[in-house]
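Here is the structure we will look at, set down as structure tokens.
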Amino acid sequence: RIIKKSGETIWIEEFGESIKKGKTVEFVGGIMIDLTQKKTAEKAMSDKEYAEASKRAKSEFLANMNYEIRTQLNGIIDFTDLLMNTNLEQVQKHYMTTINNSANSLMDIINDVLDFSKIEAGKLEIEIEKIDLLQLTNQIIDLIKYQATTKKIDLKINIAKNTLQFIYSEVIRLKQILINLLSNGIKFTESGKVILNICTIKEINKTESIIQFSVLDTGIGIKKINQTKIFNAFSQEDGSITRKFGGTGMGLTISNKLLGLLDSKLELESKHKVGSNFYFNLKIKTLKKTLKENINEHDFKSTEIIALQKINKFGQENYRILIVEDNKINMLLSKTLVKQIIPNASIFEAENGRKAIEKFELIKPDLVLMDVQMPQMNGYEATIQIRKLKIAEHIPIIALAAGIIVGERDKCLQSGMNDYLSKPIIKQELEKTISKWISI
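Residue numbers in the sequence shown follow this note's numbering, run continuously in steps of one, and reach 450 at the last position.
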């Protein structure tokens, strides 16, 4: 490097040759090439590569840490769920409920951190599918009604009669957003009510509408000066809010970023000490049936009867179930749940993909529950190899995955699995999925 007359430092490359007369150097001739732009470009490329490598390392670290933590939490959540359904004394049930609620809260925080990192990295998946609004809202209320009942908060759903029952959107993320908003409403409301309002505000054409979702509460409200701040990551209105109500302050940020992926945004109307109204508009594809027209056609009991008939059939037959799982806690949990769903089932275990292939050929199972991340051979590879066997053509393989890897669901299905469940394993979901595939 050299310093120019102007004081600027530049990179140069020199080529020169000395001209001698005898042993004396008469003069030196050569050229100097300014390499500053090249060096700057190389540094920029190096910085970019370093940043990308750091980003990859961060993503891998978060994925690995989340997997390890979630695996242990899954065991706590699922086994306390099982214990809560046994004959416990009142005080024991109270302690068990506290453990379960604490573990679920910790899982929520971990999920928030993971979702936030995925959104920041642009790696969050969006999958548009058909949604039954009536079913979705019932599921959401079932999940949070305990929280409202404990605080004696009046929790209501108000769906306008002109609202279409079936829409196309991202069901998992829409559910997550509404749960975040309703949970926030309940958390910051000491008395009164929290209402979920859903209405169609504009019909664009026969297949597209704009639907508004809003969550209204009679809680503490938010001062005007802080209404923008609360959408920032890890932020709440002030420090005293965090100390009093807890939480990471990520719920609204994540909800708003998720809505951004759905071409929408979270908006707020709030009055301090009166309450808040969080709302968003979604442009979505629809099926031309309103809730009013379709409510009588939706026979919940008939579907429940069919499921019960299948479950009863399970109890009468000796199905062979192969469970592939490397974690001993998860293996015990899966075995326990399967035995509760299919009491007469013969359960076979495999701790990795290689053992799974050997067991599959030996026992010819009726159904396989396949973990994805395993040593020696993972679930994808094992499924691909199993599908090459003649006896495996119609045997259902259900993925039991951690649900933390981008594209995991699609990769499971592409490898030859029939269905996908993410951990923690909910008994009702496992039961429903088994009833869907066991008769194949």
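Glycine included, every Cβ here is placed at the ideal spot set by N, Cα and C.
With fewer than 16 other CB atoms across the displayed protein chains lying within 10 angstroms of its CB, residue 270 is exposed. Between the alpha carbons of residue 365 and residue 82 lies a distance of about 24 Å.
Of the other Cβ atoms in all chains shown, 16 or more fall within 10 Å of the Cβ of residue 240; this residue is therefore buried. Under the three-state reduction of DSSP, residue 198 is assigned to coil, being neither helix nor strand. Around the beta-carbon of residue 141, 16 or more other beta-carbon atoms lie within 10 Å, marking it buried. Here the alpha carbons of residue 353 and residue 362 stand approximately 25 Å from one another.
Annotation: residue 16 is outside any beta strand (DSSP E) and is labelled neither H nor E by DSSP. Here the alpha carbon of residue 215 sits roughly 19 Å from the alpha carbon of residue 139. In the three-state reduction of the DSSP assignment, residue 280 falls in the strand class. The beta carbon of residue 167 sits closer than 6 Å to the beta carbons of 147, 206 from its chain, once the five residues preceding and following it are set aside; these are given in chain order. Spatial neighbours of residue 198 in its own chain (CB-CB distance under 6 Å, excluding positions within 5 residues in sequence) are listed in chain order as 229, 230. With contacts defined as CB atoms closer than 9 Å, residue 331 and residue 376 qualify as a contacting pair. Fully enclosed beta strand (DSSP E) runs of no fewer than 3 residues occupy 218 to 227 of the stretch 204 to 246, in order along the chain. Going by DSSP, residue 125 is part of the alpha helix (DSSP H) stretching over 100 to 130.
When beta bridges are read from the DSSP output, residue 28 appears opposite 38. Setting aside the 5 residues that flank it on each side, residue 98 is surrounded in the same chain by 106, each with a C-beta closer than 8 Å to its C-beta; the list follows chain order.
For residue 430, same chain residues with a beta-carbon under 6 Å away, outside a window of 5 residues either side, are 409, 419, 422 in chain order.
Where residue 173 is concerned, there is no enclosing beta strand (DSSP E), because DSSP gives it neither an H nor an E.
Between the C-alpha atoms of residue 445 and residue 213 there is a straight-line separation of about 38 Å. With 16 or more other CB atoms across the displayed protein chains lying within 10 angstroms of its CB, residue 194 is buried. Take residue 14, set aside five residues on each side of it, and the residues of its chain with a beta-carbon closer than 7 Å to its own are 20, in chain order. Around the CB of residue 273, fewer than 16 other CB atoms lie within 10 Å, so the residue is classed as exposed. The residue from 71, 342, 424, 447 with its alpha-carbon nearest to that of residue 89 is 342.
Straight through space, the alpha carbons of residue 29 and residue 35 are spaced by roughly 6 Å.
By alpha-carbon distance to residue 40, the top candidate from 25, 54, 51, 400 is 25. The continuous beta strand (DSSP E) containing residue 296 extends over residues 285 to 296. Residue 380 is bridged by DSSP to 334, 409. For residue 360, the uninterrupted beta strand (DSSP E) run begins and ends at 356 to 360, by DSSP.
In terms of Cβ geometry, residue 261 and residue 122 form a close pair [threshold 9 Å]. Take residue 125, set aside five residues on each side of it, and the residues of its chain with a beta-carbon closer than 6 Å to its own are 264, in chain order. Note on geometry: alpha-carbon atoms of residue 130 and residue 400 lie some 45 Å from one another. Here DSSP, grouped into helix, strand and coil, assigns residue 43 to strand.
Residue pairing by DSSP places residue 23 opposite 43 in a beta bridge. In terms of Cα proximity to residue 225, the closest of 196, 237, 234, 218 is 196. A straight line joining the alpha-carbon of residue 390 with that of residue 150 spans about 32 Å. Restricting attention to 86, 66, 143, 59, the CA atom closest to the CA of residue 294 is found in 143.
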